[in-house]
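Contents: one structure, followed by commentary.
Numbering (full-length UniProt numbering), first residue to last: 1 to 186.
Structure below.
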């Protein structure tokens with residue numbers, strides 16, 4: 001079972017997985033329920049004000065316009081900034097197409113802003129293992145998509161001295177491509 005399946009709707013609830021978004025409601029997806037299901041918290045005006053208070057530049061317009069409306073650990077990041085303690089950013093991308101579209105790019109836009117404003121390291125995980133295991137792609141296809149996605153991510157202009165991009169398959173030292181071929185058969 002893919003981990004995201006725990007977010008499948010039941011009893012007529014919304015369905016939100018990496019592959020499907022659907023709802024029976026005429027008002028659309030209930031984002032408040034999703035925030036709870038995904039273990040997130042709302043980004044409210046108070047949190048935005050706290051961030052603005054510690055930010056040496058104006059808040060990004062995607063934050064001001066509440067395009068980002070939920071978070072995980074933003075409060076801890078703000079606390080670390082307030083305490084003048086270091087922090088780093090961590091995000092990822094599942095390479096499933098040759099080029100990134102706007103929906104793929106938006107998280108990188110906000111991470112670039114955080115990196116630029118707070119001069120912090122960024123770790124980007126390319127989940128090639130997930131795409132191999134769940135999308136019926138060959139290792140060769142996944143490697144190609146991962147390389148193409150990495151190029152698009154690099155083109156975003158992250159600080160190369162403070163950015164670490166890695167392929168999950170390569171980081172799993174105890175595993176190799178054969179492991180993934182066998183795993184798919186299970």
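Ideal Cβ positions, reconstructed from N, Cα and C, are used throughout, including at glycine.
Residues near residue i in its chain [Cβ-Cβ closer than 7 angstroms; skip 5 each side]
i: residue 20; result: none
i: residue 8; result: The predicted position of residue 8 is uncertain, since its pLDDT is 46 and thus under 50; a value taken from the coordinates is nonetheless stated next. Closer than 7 angstroms at Cβ, skipping near neighbours: 15, 17.
i: residue 90; result: 123
i: residue 57; result: 117
Sequence-distant residues of the same chain with beta carbon closer than 6 angstroms to residue i, five excluded per side
i: residue 92; result: 125, 127
i: residue 142; result: 128, 131, 132
i: residue 66; result: none
i: residue 23; result: 14, 29
Beta-carbon spacing of residue i, residue j below 9 angstroms
i: residue 88; j: residue 63; result: no
i: residue 115; j: residue 166; result: no
i: residue 60; j: residue 110; result: yes
i: residue 86; j: residue 120; result: yes
i: residue 51; j: residue 74; result: yes
Proximity winner among the options, relative to residue i (alpha-carbon distances)
i: residue 168; options: 120, 95, 105; result: 95
i: residue 137; options: 107, 84, 34, 98; result: 98
i: residue 163; options: 53, 108, 73; result: 108
i: residue 27; options: 13, 134, 38; result: 13
i: residue 55; options: 172, 81, 22; result: 81
Residue i in three-state terms, based on DSSP
i: residue 61; result: helix
i: residue 120; result: coil
i: residue 29; result: coil
i: residue 125; result: strand
i: residue 146; result: helix
i: residue 166; result: strand
Close-in-space but distant-in-sequence residues of the same chain around residue i (CB under 8 angstroms, 5 per side omitted)
i: residue 31; result: 69, 70
Proximity test, residue i beta-carbon vs the ligand PLP heavy atom, cut-off 8 angstroms
i: residue 130; result: Here there are no bound small molecules, and the ligand PLP is not part of this structure.
- Scan the stretch 40-106 and note each continuous beta strand (DSSP E) run of 3 residues or more that stays entirely inside, going in chain order. 89-93
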